[in-house]
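One line per chain: the protein sequences are A and B, in this order. In this text, residue positions in the first sequence follow our numbering: the first is 47, and each later residue adds one. In this text, residue positions in the second sequence follow our numbering: the first is 8, and each later residue adds one.
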Amino acid sequence: MNDLTTLTRPRAETTLKDWETDQEVRWCPGCGDYAILKAVQRTLPMIGADPANTVFVSGIGCSSRFPYYVESYGFHTIHGRAPAVATGVKLANPDLDVWIVTGDGDGLSIGGNHSMHILRRNLDCQILLFNNEIYGLTKGQYSPTSREGTRSPSTPFGSVDHPAKPCAFALGSGARFVARAYDVAKQLPDVLVAAHAHKGAAFVEIFQNCIVYNKDVFADFTEKKNADEGQLWVEHGKPLLFAKGTKGIALDREALTLKVVEVADGDWQNADVIVHDVTNRAIAHMLVEMPFGPFPMALGVIYDDPAPSFEQAVVAQNEQLARGKTPDLQKLVGTGQTWTVTKDGPVL
Amino acid sequence: MASLSPKGNARVARSFSTLIEKVLRTRGNRIRNASETNMASAASRSALPLASSEPPEAVVVRFAGDSGDGMQLTGGQFTLSTALAGNDLATFPDFPAEIRAPQGTLFGVSAFQINFGSSDITTAGDAPDILIAMNPAALKTNVMELKAGGLIIADTGEFNDRNLAKAKYDANPLEDGSLARWQVLAFDISALTLESVKPFGLGNKEALRCKNMWTLGLALWLFDRDRQPIVDWLKAKFAKAPELAEANIAALNAGHAYGETAELAVPVKQLHMAPAPAPEGLYRTVTGAEAISLGLVAGAQLASLPMFFGGYPITPASAILHHLSRLKEYGVTTFQAEDEIAAIASAIGASYAGALGVTSSSGPGIALKGEAMGLAIMTELPLVIVNSQRGGPSTGLPTKTEQSDLYQAVYGRNGDAPMPVIAARSPADAFDCAIEACRIAIQYMTPVMLLTDGYIANAAEPWRVPDMSGYTPFPAKFLDHVPEGGLKPYARNEKLARPWIKPGTPELMHRIGGIEKEVNTGHINYAPANHQAMTELRRDKIFGIAKDLRQDIAIGNDNGKLAVVGWGSTFGPIHQAVRRVRRKGHDVAHIHIRHVWPLPENLGDLLKAYEKILVPEMNTGQLKTLLRDQYLVDARPLNKISGQPFRIAEIEAAIEGMLE
Numbered sequence: 047m048n049d050l051t052t053l054t055r056p057r058a059e060t061t062l063k064d065w066e067t068d069q070e071v072r073w074c075p076g077c078g079d080y081a082i083l084k085a086v087q088r089t090l091p092m093i094g095a096d097p098a099n100t101v102f103v104s105g106i107g108c109s110s111r112f113p114y115y116v117e118s119y120g121f122h123t124i125h126g127r128a129p130a131v132a133t134g135v136k137l138a139n140p141d142l143d144v145w146i147v148t149g150d151g152d153g154l155s156i157g158g159n160h161s162m163h164i165l166r167r168n169l170d171c172q173i174l175l176f177n178n179e180i181y182g183l184t185k186g187q188y189s190p191t192s193r194e195g196t197r198s199p200s201t202p203f204g205s206v207d208h209p210a211k212p213c214a215f216a217l218g219s220g221a222r223f224v225a226r227a228y229d230v231a232k233q234l235p236d237v238l239v240a241a242h243a244h245k246g247a248a249f250v251e252i253f254q255n256c257i258v259y260n261k262d263v264f265a266d267f268t269e270k271k272n273a274d275e276g277q278l279w280v281e282h283g284k285p286l287l288f289a290k291g292t293k294g295i296a297l298d299r300e301a302l303t304l305k306v307v308e309v310a311d312g313d314w315q316n317a318d319v320i321v322h323d324v325t326n327r328a329i330a331h332m333l334v335e336m337p338f339g340p341f342p343m344a345l346g347v348i349y350d351d352p353a354p355s356f357e358q359a360v361v362a363q364n365e366q367l368a369r370g371k372t373p374d375l376q377k378l379v380g381t382g383q384t385w386t387v388t389k390d391g392p393v394l
Numbered sequence: 008m009a010s011l012s013p014k015g016n017a018r019v020a021r022s023f024s025t026l027i028e029k030v031l032r033t034r035g036n037r038i039r040n041a042s043e044t045n046m047a048s049a050a051s052r053s054a055l056p057l058a059s060s061e062p063p064e065a066v067v068v069r070f071a072g073d074s075g076d077g078m079q080l081t082g083g084q085f086t087l088s089t090a091l092a093g094n095d096l097a098t099f100p101d102f103p104a105e106i107r108a109p110q111g112t113l114f115g116v117s118a119f120q121i122n123f124g125s126s127d128i129t130t131a132g133d134a135p136d137i138l139i140a141m142n143p144a145a146l147k148t149n150v151m152e153l154k155a156g157g158l159i160i161a162d163t164g165e166f167n168d169r170n171l172a173k174a175k176y177d178a179n180p181l182e183d184g185s186l187a188r189w190q191v192l193a194f195d196i197s198a199l200t201l202e203s204v205k206p207f208g209l210g211n212k213e214a215l216r217c218k219n220m221w222t223l224g225l226a227l228w229l230f231d232r233d234r235q236p237i238v239d240w241l242k243a244k245f246a247k248a249p250e251l252a253e254a255n256i257a258a259l260n261a262g263h264a265y266g267e268t269a270e271l272a273v274p275v276k277q278l279h280m281a282p283a284p285a286p287e288g289l290y291r292t293v294t295g296a297e298a299i300s301l302g303l304v305a306g307a308q309l310a311s312l313p314m315f316f317g318g319y320p321i322t323p324a325s326a327i328l329h330h331l332s333r334l335k336e337y338g339v340t341t342f343q344a345e346d347e348i349a350a351i352a353s354a355i356g357a358s359y360a361g362a363l364g365v366t367s368s369s370g371p372g373i374a375l376k377g378e379a380m381g382l383a384i385m386t387e388l389p390l391v392i393v394n395s396q397r398g399g400p401s402t403g404l405p406t407k408t409e410q411s412d413l414y415q416a417v418y419g420r421n422g423d424a425p426m427p428v429i430a431a432r433s434p435a436d437a438f439d440c441a442i443e444a445c446r447i448a449i450q451y452m453t454p455v456m457l458l459t460d461g462y463i464a465n466a467a468e469p470w471r472v473p474d475m476s477g478y479t480p481f482p483a484k485f486l487d488h489v490p491e492g493g494l495k496p497y498a499r500n501e502k503l504a505r506p507w508i509k510p511g512t513p514e515l516m517h518r519i520g521g522i523e524k525e526v527n528t529g530h531i532n533y534a535p536a537n538h539q540a541m542t543e544l545r546r547d548k549i550f551g552i553a554k555d556l557r558q559d560i561a562i563g564n565d566n567g568k569l570a571v572v573g574w575g576s577t578f579g580p581i582h583q584a585v586r587r588v589r590r591k592g593h594d595v596a597h598i599h600i601r602h603v604w605p606l607p608e609n610l611g612d613l614l615k616a617y618e619k620i621l622v623p624e625m626n627t628g629q630l631k632t633l634l635r636d637q638y639l640v641d642a643r644p645l646n647k648i649s650g651q652p653f654r655i656a657e658i659e660a661a662i663e664g665m666l667e
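Next up, the structure:
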């Protein structure tokens, strides 16, 4: 799928164990972060990642503790600023494999600006946004992704503001890769492999269950009994089917919206079900905007259409402009409006 | 002077003090002779407005006009011409915050002042001797600062009813006698310019744009200057529009010819100013912004590091981003970030990855960067933060100068967050200060703030191009293997600096962050004793820098009646004021502090050797407070917060007041 992917480094042979640190993990027992950590540690050997060449950069929040638990280089920065720090890391050394771990508050509230610009610039990195729709580390205030009416210490009578939609935000910011999964999904490593294979900014929203402050808020589609009706796993070249193939997503050509259609006897062609094309930006927009309830939750790689990445462009321009020029500090300091003072006075 | 500063640094400073001492020793005679001869000749050409109380070893000229009149350009070219005439000089551009202020308005006036002379010049001058006013608004906003008896050159063509009204003049000041304190040379520069460029067929508007060159031509005549360098510059500037080049050259020549041939209303004659003594060598004009950019490049090169510069546009700091973005062949990557925070955060990321991270801003932007500075302090990564100070608080005075960010630089972060602070005193000095900031950042694994200000950033002065081989390299060292006893990312060397470990290095994987670190291992650690130990380590590391720093004395003895203590761009006026008072026989010393934090180790004892301490600052007394706090000395403030640099006379008066 991804023509721009170039494997410049040799594959490193590692196992899940190689990616575990000696640090005691300090998330609440039962937190969804544990499952995501395992999925990442399972993914890294799959993609042949080299611990010495891998950097995890995070902001602040429960999710941002992540780098301490991965045996690679890690930088736990400040609230919301991981994308900015990561941009400096990648521009200074484009060979590094950079992962950003953030949350709904870190990435969409205090750091929303940086999230927008890293996606717009298309820095080559993986951005894992753990969305638990709550501020966990500060003890349970509602977050920018909390649904209307969320009761929390700061909104005891229910929140009144509209939630942000992370994947819609990412697409709106110009992201070239948008995927969605949830903490305990068995498909999560595959989604992460695809994100890593994408050269450019790969945005992955991971629904994460905060068992203390927002327990089971995604149960409507993550629980086993709700999975069939609630989950639509999209795959490039495959029809958008769910509910064991009995329902599909079709285009309402009149209203220019998506609609759920019944699929009889597996005949999805007849029901006009859309075949997923990860390079179709318009459909991607519609899939991430589907309201849950009337529609299932779209999961998997929703959009993947690579474009030249930021650090490649910066390096190319730097090289092009430096080509044929010899750095000469002495010459540089003596450039400009110059004159020479001689025994007989100044001359040009 | 820091004993560890680059060799060239120390040498430049030494030769500078030697020069000053020489001047001081010989000044008595020279001044007398100079004043005798010059006063005699001044009498014979009485029109030249050189104030009689001061020996005419220097002249201050101010070009003022509408912001569309090209006054900064005119000033810049007059500066080059002055340098080529061998005069020492200093300049001060003073332009409005508005990009295109409505024409003719008081707030749209743009001015450029130059002080030049036959001996060393360190300020842009107090009151102008000559004011060139291109319109009524320029006259109104500047004339009150002109010396009594000074010369006004005004363009009558612009003194029409509309412009007089915009400048809020009830009557034409050129005609109502209100300018009687000064000499006025008023004629229709607009018409003369139009006449001179007639053959080139320009539109009226474009033709009038040549006014500044006409005026420059007159100024060149006035000071007996060669026009050729300006002609060459015009040809190069308008290479793509030769008719504009020719028109401007014609205007320049016409202005010059006018001075030579016309019967001027007041008997102005040419003044040829003797060149100032200057060591032989290659010179250039340099602004502070240029010098800082070059110094940062030099610093990175001396450290054998690529430089990463993260910036966000802000006045008056943007010029540094502009300069550096053109220097890619020197291993410079510039990144215009989405905001001030991203600018510093990306620089920290780059330092983490093994480049020299640099960011730059002005007061409000520096405030936004505060939290990230704490991160750089906690993670102990090298970083240079340039603060081109401007008037504050908040948006304040974006285009005016102030040195009111000293508290912010030294104290302005949450937690006990010590950070070295260095302040440049002049455009040329900014070069060495930038190198020094890079050195400390790398050798001590710490963010360093380099303070400059709007005045230094924009002002230009002649700079003897340094011999780069005179600077001692300070190559950065990266840890590249597991040391004996295992990897300890927060182990300490003799400077208390931790090792710099680049991601990408095999076997050295580790995690850092803003949470309190455990001594040696760098693991997260909230234990009370550990925080105490780490806070003290961070403090001691920064205080340790002071061991290498020795405070020198700019002029005077190491004890006595009064020390005038300054920092940053007040160097010039303080220096001149102290010289003047010493010439009158008073026991006064000038101490200039470059290392604002940590203060040089001997500064406390030095200050205590004086009976009195005066601290002139363009703020309400920030260094004064710092000195009182650190040394319990009775430092007295002299404060100016008008957005304008100190005048020599203001400081001179304060010194004399202290000596009474």
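Note that CB positions come from ideal geometry on N, CA and C, so glycine has one too.
Practice task
Taking only beta-carbon positions, decide if A/Pro352 is within less than 7 Å of chain B.
Solution key: A/Pro352 does not count as touching chain B.
Practice task
Within the same chain, show all residues whose beta-carbon is closer than 8 Å to that of A/Pro209, passing over the 5 residues directly before and after it, in chain order.
Solution key: Exclusion of the five residues before and after A/Pro209 leaves Glu179, Pro190, Thr191, Ser192, Arg193 and Glu194 as the residues of its chain whose Cβ lies within less than 8 Å of its Cβ.
Practice task
Note the first and the last residue of the continuous alpha helix (DSSP H) segment covering B/Pro434.
Solution key: Counting along the chain, the alpha helix (DSSP H) containing B/Pro434 begins and ends at Pro434 to Tyr451.
Problem - Which residues DSSP lists as bridging B/Gln343, in chain order - result: Note: B/Gln343 sits in a beta bridge opposite B/Gly318.
Problem - C-beta atoms of A/Lys136 and A/Glu275 nearer than 7 Å - result: Not in contact: A/Lys136 and A/Glu275 (Cβ atoms no closer than 7 Å).
Exercise for the section: Give the straight-line distance between the Cα atoms of B/Asn94 and B/Ala283, rounded to the nearest whole angstrom. Expected result: Taking the straight line joining both Cα atoms gives about 5 Å.
Practice task
Have a look at B/Ile648, B/Ala198, B/Ile620 and B/Leu634 and flag the residue whose alpha-carbon is nearest the alpha-carbon of B/Thr627.
Solution key: Closest by C-alpha distance to B/Thr627, out of B/Ile648, B/Ala198, B/Ile620 and B/Leu634, is B/Ile648.
Problem - Nearest-angstrom Cβ-Cβ length linking B/Ala145 and B/Ala254, presumed shorter than 8 Å - result: Approximately 23 Å separates the beta-carbon atoms of B/Ala145 and B/Ala254; this is outside 8 Å, ruling out the contact.
Exercise for the section: Would you mind stating whether B/Thr366 and B/Ala354 have Cβ atoms separated by less than 7 Å? Expected result: Between B/Thr366 and B/Ala354, the C-beta spacing is below 7 Å.
Problem - Nearest candidate by alpha-carbon position, reference B/Gly288, set A/Thr384, A/Leu378 and A/Pro340 - result: Ranking A/Thr384, A/Leu378 and A/Pro340 by Cα distance to B/Gly288 puts A/Thr384 first.
Problem - Residue(s) in a DSSP beta bridge with A/Phe176 - result: According to DSSP, A/Phe176 bridges with A/Gly149 and A/Ile252.
Exercise for the section: Apply the 10 Å Cβ neighbour rule to B/Gln414 and answer buried if 16 or more other Cβ atoms are within range, or exposed otherwise. Expected result: In the sequence as presented, Gln is not what sits at residue 414 of chain B; that position holds Tyr. With fewer than 16 other CB atoms across the displayed protein chains lying within 10 angstroms of its CB, B/Tyr414 is exposed.
Handout entry: the segment 451–467 of chain B / the segment 387–399 of chain B touching (three or more Cβ pairs under 8 Å)
Key = Yes: at least three Cβ pairs fall under 8 Å.
Handout entry: Minimum Cβ-Cβ distance from B/Tyr359 to chain A less than 7 Å
Key = Yes - at least one Cβ of chain A is within 7 Å of the one on B/Tyr359.
Exercise for the section: Output yes if chain A places a C-beta closer than 7 Å to the C-beta of B/Lys247; else output no. Expected result: B/Lys247 does not count as touching chain A.
Exercise for the section: Grab the span of the alpha helix (DSSP H) containing A/Val379 for me, first residue to last. Expected result: Taken as a continuous stretch (DSSP letters only), the alpha helix (DSSP H) holding A/Val379 covers Leu375 to Val379.
Problem - Residues near B/Ala104 by beta carbon distance below 7 Å, same chain, minus five either side - result: These residues qualify, in order along the chain: Pro405 and Thr406.
Practice task
Anything in chain A within Cβ reach of B/Phe342, meaning under 9 Å, just list it in chain order.
Solution key: Under a criterion of Cβ atoms nearer than 9 Å, the residues of chain A adjacent to B/Phe342 are, in order, Thr133, Gly134, Leu137 and Val360.
Handout entry: Which of helix, strand or coil DSSP assigns to A/Arg88
Key = In this structure, A/Arg88 counts as helix in the three-state DSSP scheme.
Exercise for the section: May I ask you to verify whether the segment 241–260 of chain B touches the segment 209–229 of chain B, counting CB pairs closer than 8 Å and requiring at least 3? Expected result: At 8 Å Cβ cutoff, the stretches touch.
Exercise for the section: Can you pull the chain A residues whose beta carbon is under 7 Å from the beta carbon of B/Asp1, in chain order? Expected result: Only positions 8 to 667 of chain B appear in the structure, and residue 1 of chain B is not among them; the question remains open.
Handout entry: Rounded straight-line distance, which links the Cα of A/Gln277 to that of A/Gly318
Key = The amino acid at residue 318 of chain A is misidentified as Gly; the sequence shows Asp. The straight-line gap from Cα to Cα measures roughly 19 Å.
Handout entry: Proximity of A/Lys305 and A/Ala296 at Cβ, strictly below 7 Å
Key = A contact, by the Cβ cut-off of 7 Å.
Practice task
For the beta strand (DSSP E) holding B/Asp95, just list the boundary residues, first then last.
Solution key: According to the DSSP assignment, B/Asp95 belongs to the beta strand (DSSP E) that extends over Asp95 to Asp101.
Exercise for the section: Could you round the C-beta distance between B/Ser595 and B/Gly563 to whole angstroms and report it? I think they count as a contact, below 8 Å. Expected result: The amino acid occupying residue 595 of chain B in the given sequence is Val; Ser does not appear at that position. Confirmed, about 6 Å.
Handout entry: CB contact check: A/Ile124 to chain B, cutoff 7 Å
Key = At least one chain B Cβ lies under 7 Å of A/Ile124.
Handout entry: Bridge-paired residues (DSSP) for A/Glu308
Key = When beta bridges are read from the DSSP output, A/Glu308 appears opposite A/Lys293.
Problem - Beta-carbon proximity check, B/Gly124 vs B/Glu64, cutoff 7 Å - result: Judged by beta-carbon spacing, B/Glu64 lies within the 7 Å limit of B/Gly124, meaning their Cβ atoms are closer than that value.
Problem - Straight-line gap, A/Gln366 to A/Glu308 (C-alpha atoms, nearest Å) - result: In a straight line, the C-alpha of A/Gln366 is about 56 Å away from that of A/Glu308.
Handout entry: Closer than 7 Å to chain B by CB, A/Tyr114
Key = By the rule that beta-carbons nearer than 7 Å mark a contact, A/Tyr114 touches chain B.
Practice task
Output the boundary residues of the beta strand (DSSP E) element that contains B/Lys147.
Solution key: From DSSP, B/Lys147 is part of no beta strand (DSSP E) but of the alpha helix (DSSP H) over Pro143 to Asn149.
Exercise for the section: Grab the span of the beta strand (DSSP E) containing B/His602 for me, first residue to last. Expected result: B/His602: member of the beta strand (DSSP E) spanning His602 to Trp604, first to last residue.
Handout entry: Same chain only: Cβ atoms within 6 Å of A/Asp374, ignoring 5 sequence neighbours per side
Key = Within its own chain, no residue has a Cβ closer than 6 Å to the Cβ of A/Asp374 once the five positions on either side in sequence are excluded.
Handout entry: B/Ala292 versus B/Gly262: straight-line alpha-carbon distance, rounded
Key = Per the sequence shown, residue 292 of chain B should be read as Thr rather than Ala. Taking the straight line joining both Cα atoms gives about 25 Å.
Practice task
Could you please give the first and the last residue of the uninterrupted beta strand (DSSP E) stretch that includes B/Ile463?
Solution key: Taken as a continuous stretch (DSSP letters only), B/Ile463 belongs to no beta strand (DSSP E), being part of the alpha helix (DSSP H) at Gly461 to Asn465.
Handout entry: 7 Å Cβ cutoff, A/Lys371 in contact with chain B
Key = True, the Cβ-Cβ gap to chain B drops below 7 Å.
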